[in-house]
Amino acid sequence: MKKLINRPENVVKEALMGMAAAHPDLIRVSYEPNFIVRVDAPKEGKTAIISGGGSGHEPLHGGFIGLGMLDAACPGEVFTSPTPDQMLEAAKAVNGGAGVLFIIKNYTGDVMNFEIAAQLAQSEGIDVASVIINDDVAVQDSLFTAGRRGVGATVFAEKICGAAAEQGQSLAQIEALCRRVNANARSIGVALTSCTVPSAGKPTFSLGDDEMEVGIGIHGEPGRRRLPLESADDITTMMAAAVLEDLPFKSDDDVIVMVNGMGGTPLIELYIIYNKLDQICREQGIRIVRNLVGNYITALDMSGVSITMLKTDHEMLALWDAPVKTPALTWGGLS
Amino acid sequence: MINRDAIIDWLEAIAHTYDENQQVLTDLDSPIGDADHGANMARGFNKVAQKIPSYAERSIGEILNDVGLTLMSTIGGSSGPLYGVFFLNASKIAFGKDTLSAHLITTMFESGLMGIVKLGKASPEDKTMVDALSPAVEALKAAVAENKTLSDSLLCAVTAAEAGMKATIPMQARKGRASYLGERSIGHQDPGATSITLLIKAAYNSWHETN
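In order, the protein sequences belong to chains A and B.
According to the numbering used here, the first sequence is numbered sequentially starting from 1.
According to the numbering used here, the second sequence is numbered sequentially starting from 1001.
This is the structure in structure tokens:
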């Protein structure tokens, strides 16, 4: 499998160096342990928002650092949770004296490493709260699984909580807000191919030309089911149904929608998906008030798409609209 | 009796086996995971191997503690904390000792297992490393209780670990990334059970000529 890399073991470091070189006005990168912070950190008196996870999901999380979103991100090896020392150093670097919120995607490794980091940070006098994001409807949250995965809602949580922090909300307020975003968001993903992890050199699993994988995560792992490939409209109908019935979303709800490319799918296809999703929502009286279409939380070169839907209210919408200035997301008039 | 040199031999043997088996572990971690287990374990223990010169004058307890911390900050994922806590717990048992008897080795492995169970909360048949490590610890305890030599006891542990590792094949995963696959995780050997078995085998290979 061809990749635009040098040595596999240097992928993360070289990408971080590239990000630092591309966005010196927005971010600063530290190495060993690896973490990225907003260029004006620490912001005195502001609650700091930190997230992180394995690399390979770009722009998540490093691309979301800056005004109105993350204060810091901790990138692990590709698809591998970062280690506690990364989060500890990041917390120390961005702590403005108002505490730190860890936004954690629900994966066993992420949860363990962030938990250890939170304890270490607390023992250094940093107030830490943690919220786990678990929006993926494909997995049953039961005693017999590791729980629902944290996927697209992470982007929403980072934006909304980042805005709240920029406006001076407290750690307790932002923690509650983050839980509310998580509770009102649902996601599902479908893949046409797996992805190739640099150190593996070949796709994690193979799909036939006429097959699709339904209920995927963001690490290239097989999904819940393998089905014959359908049309974009039929795939969207299936995905929408899974998400809409899970919350459930109802007629008259205002929603923010993300049609997210998994990394290997062209934008032209994402818009075809959005077209059908928009129709479905209209038919059901669900108002899409804002949207994102593009690559926001990817799995390297996986072909596929995920849909995330957030049932929003006035407060969340205002925070969504608040100014943001990061490598991957920029809007709002800035004075 | 196991002394510092023997512990260092073991650490080198682990690093070597994870290097040799990186592709094996990657291949096991692909159908039911995200294909990073081989790279993670190799990276973690290569970092440990690089630190070995600094272990020359340190006690066994200090060495195992440093190994635990090194793994915790190098491996990442869930393996980092789990293997990290295994060695951190082991280091507490070895604290203050210059040599380790078969009995103490057993207690060390058991303490490591308990740390893993407490942190990861896996139960038997969840299809995890515990399914190989737990039978291995039981076999070690039974053998040592019968006054078998360390060498023979470790062989019992290896045999039990390998059986436990293979027994994960028909299990449906209830923990970790494989659990997202539900029934599709059945029919695949667990990568974590495999890597812990390799670690136990490395102990046997390093120590079976000691007594």
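A virtual CB, placed ideally from N, CA and C, is assigned to each residue, including glycine.
With a cut-off of 8 Å, does the C-beta of residue i fall near any C-beta of chain B?
i                      : result
residue 166 of chain A : no
residue 85 of chain A  : yes
residue 193 of chain A : no
residue 113 of chain A : yes
residue 219 of chain A : yes
residue 150 of chain A : no
residue 14 of chain A  : no
residue 116 of chain A : yes
residue 211 of chain A : no
residue 146 of chain A : yes
residue 303 of chain A : no
residue 29 of chain A  : no
residue 249 of chain A : no
Spatial neighbours of residue i within its chain, please: CB distance less than 8 Å, with the 5 preceding and 5 following residues excluded, ordered by chain position.
i                       : result
residue 1209 of chain B : 1151
residue 1113 of chain B : 1086, 1130, 1133, 1134 and 1137
residue 237 of chain A  : 276 and 280
residue 1205 of chain B : 1013
residue 89 of chain A   : 30, 33 and 35
residue 1039 of chain B : 1022 and 1026
residue 234 of chain A  : none
residue 1198 of chain B : 1014, 1017, 1018 and 1021
Excluding the 5 residues flanking residue i on each side, which residues of the same chain have their C-beta closer than 6 Å to its C-beta?
i                       : result
residue 287 of chain A  : 254
residue 1271 of chain B : Residue numbering for chain B in the displayed model covers 1001 to 1211; residue 1271 of chain B lies beyond these limits and cannot be assessed.
residue 1061 of chain B : 1091, 1094 and 1095
residue 205 of chain A  : 194 and 222
residue 1185 of chain B : 1032, 1172, 1173 and 1178
Measure the CB-CB distance between residue i and residue j and report whether it falls below 8 Å.
i                       : j                       : result
residue 1025 of chain B : residue 1041 of chain B : yes
residue 299 of chain A  : residue 56 of chain A   : yes
residue 168 of chain A  : residue 46 of chain A   : yes
residue 291 of chain A  : residue 261 of chain A  : no
residue 12 of chain A   : residue 5 of chain A    : no
residue 213 of chain A  : residue 67 of chain A   : no
residue 1166 of chain B : residue 1128 of chain B : no
residue 318 of chain A  : residue 332 of chain A  : no
residue 99 of chain A   : residue 127 of chain A  : yes
residue 1079 of chain B : residue 1120 of chain B : no
residue 96 of chain A   : residue 42 of chain A   : yes
residue 303 of chain A  : residue 229 of chain A  : no
residue 1139 of chain B : residue 1157 of chain B : yes
residue 77 of chain A   : residue 1036 of chain B : yes
residue 1153 of chain B : residue 1102 of chain B : yes
residue 297 of chain A  : residue 243 of chain A  : no
Three-state secondary structure (DSSP) at residue i?
i                       : result
residue 78 of chain A   : strand
residue 30 of chain A   : strand
residue 287 of chain A  : strand
residue 261 of chain A  : strand
residue 1109 of chain B : helix
residue 156 of chain A  : helix
residue 398 of chain A  : Here chain A has residues from 1 to 335 only, and residue 398 of chain A is not among them.
residue 1129 of chain B : coil
residue 11 of chain A   : helix
residue 1200 of chain B : helix
residue 1017 of chain B : helix
residue 4 of chain A    : coil
Among residues of its own chain, excluding the 5 on either side of residue i, which ones have a beta-carbon nearer than 7 Å to its beta-carbon?
i                       : result
residue 1033 of chain B : 1177, 1178 and 1191
residue 301 of chain A  : 195, 196, 263 and 264
residue 202 of chain A  : 1 and 196
residue 178 of chain A  : 101, 103, 131, 157 and 161
residue 293 of chain A  : 259, 270, 271 and 274
At the 8 Å Cβ level, is residue i part of the contact set with chain A, yes or no?
i                       : result
residue 1028 of chain B : no
residue 1180 of chain B : yes
residue 1054 of chain B : no
residue 1118 of chain B : no
residue 1044 of chain B : no
residue 1031 of chain B : yes
residue 1040 of chain B : yes
residue 1034 of chain B : yes
residue 1091 of chain B : no
residue 1078 of chain B : yes
residue 1177 of chain B : yes
residue 1191 of chain B : no
Verify the CB distance criterion: does residue i have a CB-CB separation below 8 Å to chain D?
i                       : result
residue 1072 of chain B : Protein chains in the displayed structure are A and B, and chain D is not among them.
Open item on the list: Using a Cβ distance threshold of 8 Å, determine whether the region 143–161 of chain A contacts the region 26–45 of chain A, with at least three qualifying pairs required.
Closed with: no
Open item on the list: When you compare the region 129–145 of chain A with the region 174–188 of chain A, are there three or more beta-carbon pairs, one atom per stretch, that lie closer than 8 Å?
Closed with: yes
- [ ] Count the C-beta pairs between the region 58–67 of chain A and the region 77–89 of chain A that are closer than 8 Å, then say yes if the count reaches three, no if not.
- [x] No, because fewer than three Cβ pairs between the region 58–67 of chain A and the region 77–89 of chain A fall closer than 8 Å, the two stretches do not touch.
Task: Validate contact between the region 68–80 of chain A and the region 36–46 of chain A using beta carbons, cut 8 Å, 3 pairs - done: yes
TODO: State whether the region 1035–1055 of chain B contacts the region 1069–1079 of chain B, with contact taken as three or more CB pairs (one from each stretch) at a distance under 8 Å.
DONE: yes
TODO: Mind the definition here: the region 104–117 of chain A touches the region 245–252 of chain A only if three or more C-beta pairs lie below 8 Å; say whether that holds.
DONE: no
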